[in-house]
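Inspection log for the structure reproduced underneath, given as structure tokens.
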Amino acid sequence: MSIWHQRWDENRIGFHRLEANPTLTDHWSKLSLDSDAKVLVPLCGKSLDMHWLKQLGHTVVGIELVEKAITQFFDDASALALQESKQTGTKYSAENIHLYHADFFKVQPDEMPVEAWYDRAALVALPSTMRQAYVEQLLNLTTKDSKGLMVTFDYPQEEMQGPPFALPDSEVESLFSQHFTVERVQWTDVLEQEQRDLTRCSLSVFVLNRR
Ligand SMILES: C[S@@+](CC[C@H](N)C(=O)[O-])C[C@H]1O[C@@H](n2cnc3c(N)ncnc32)[C@H](O)[C@@H]1O
7 MSIWHQRWDE NRIGFHRLEA NPTLTDHWSK LSLDSDAKVL VPLCGKSLDM HWLKQLGHTV
67 VGIELVEKAI TQFFDDASAL ALQESKQTGT KYSAENIHLY HADFFKVQPD EMPVEAWYDR
127 AALVALPSTM RQAYVEQLLN LTTKDSKGLM VTFDYPQEEM QGPPFALPDS EVESLFSQHF
187 TVERVQWTDV LEQEQRDLTR CSLSVFVLNR R
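In short: position in the sequence shown from 1, add 6, done, that's our numbering.
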């Protein structure tokens, strides 16, 4: 059983928020997308951000390893999702939200390529050895002129075991700059609000335009 299955089983999902994330609502308009653009949400959990994106008119394509997260997402919204068996897992759909119960690194959503993506607690949920593969899979699933909004987290890695793993802004630049323009649109010291035993902790938000 993966650590993520264990976490969902034991309801250890402190990352889950009970409303749309302010980093999303504050910065999403900077992507200047058409309202009908398809948005990929990698490692989506049962994030309410997906309802917020759908309400803007987007088609939402979420990928999540743990089925319980997906069933809870639709149950919490009292939505009946249609299930379809796919090569890499099961696709759950209700209105314009399509959630794939699958491994992000293997999935081939019907909706690809998508025009946009939103990463909150996705890349930082993965160990550093998987970061390059994450960027490559993002490139596979998105259009050549896609845009992304990404929220990251940084702290001295030796002071805490991830996830979330520390991801310095300089590493975001080196991972993405070959294929994207990288603009940091927010940096916030979150040491006090995180209430973890760390000497520093910050959150960054990036707008990434593929070129
Ligand atoms: C830290 S949570 C963030 C969830 C969501 N983005 C949010 O903001 O609430 C990371 C999620 O990624 C899922 N996950 C981990 N590895 C995955 C993989 N390889 N493919 C798809 N989902 C994965 C976990 O089950 C977990 O729900």
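Even for Gly, the Cβ is constructed at its ideal location relative to N, Cα and C. It should be emphasised that the depicted structure is a prediction, and the values quoted were computed from it without experimental measurement.
Practice prompt. For Val154, collect the residues of the same chain with a Cβ closer than 6 Å to its Cβ; drop the 5 residues on either side in sequence, then sort them by chain order.
Written response: Note on residue identity: the sequence assigns Gly, not Val, to residue 154. Cβ neighbours of Gly154 beyond the five flanking positions: Trp123 and Leu214.
Worksheet item: How would you write the range of the alpha helix (DSSP H) that Arg13 sits in, first residue to last?
Response: Ile9 to Asp15
Worksheet item: Quick one, are the C-beta atoms of Ala131 and Gly95 less than 9 Å apart?
Response: no
Practice prompt. Look at the alpha carbon of Asp195 and the alpha carbon of Gln93, and state the distance between them as a whole number of angstroms.
Written response: 43 Å
Worksheet item: Just the Cα atoms here: how many angstroms apart are Gly20 and Leu54?
Response: The alpha-carbon atoms of Gly20 and Leu54 are separated by roughly 14 Å.
Discussion item. Less than 9 Å between the beta carbons of Asn102 and Thr65, yes or no?
Written reply: yes
Worksheet item: What beta strand (DSSP E) runs, 3 residues minimum, are completely inside the region 36-81?
Response: 44-47 and 65-70
Worksheet item: Per DSSP, Leu155 is paired with what?
Response: Tyr124 and Val213
Fill in: Which listed residue (Phe111, Gln114 and Phe171) has its alpha carbon closest to that of Pro133
Phe171
Worksheet item: Just the Cα atoms here: how many angstroms apart are Asp116 and Thr205?
Response: 44 Å
Worksheet item: How far does the beta strand (DSSP E) with Arg23 in it reach, from first residue to last?
Response: First-last for Arg23: undefined, no H or E at that position.
Worksheet item: Should Gly63 be counted as a contact of ligand 1 given a C-beta to heavy atom distance under 8 Å?
Response: no
Practice prompt. Excluding the 5 residues preceding and the 5 following Gln163 in the sequence, name in chain order all residues of the same chain whose CB lies nearer than 8 Å to its CB.
Written response: Phe171 and Ala172
Worksheet item: Less than 8 Å between the CB of Pro169 and some heavy atom of ligand 1, yes or no?
Response: yes
Worksheet entry | Delimiting residues of the alpha helix (DSSP H) encompassing Leu145 | Arg137 to Leu147
Discussion item. Just to confirm my understanding: we take Ala43, look at its own chain, exclude 5 residues before and 5 after, and list those with CB closer than 7 Å. What are they?
Written reply: His64, Glu121 and Ala122
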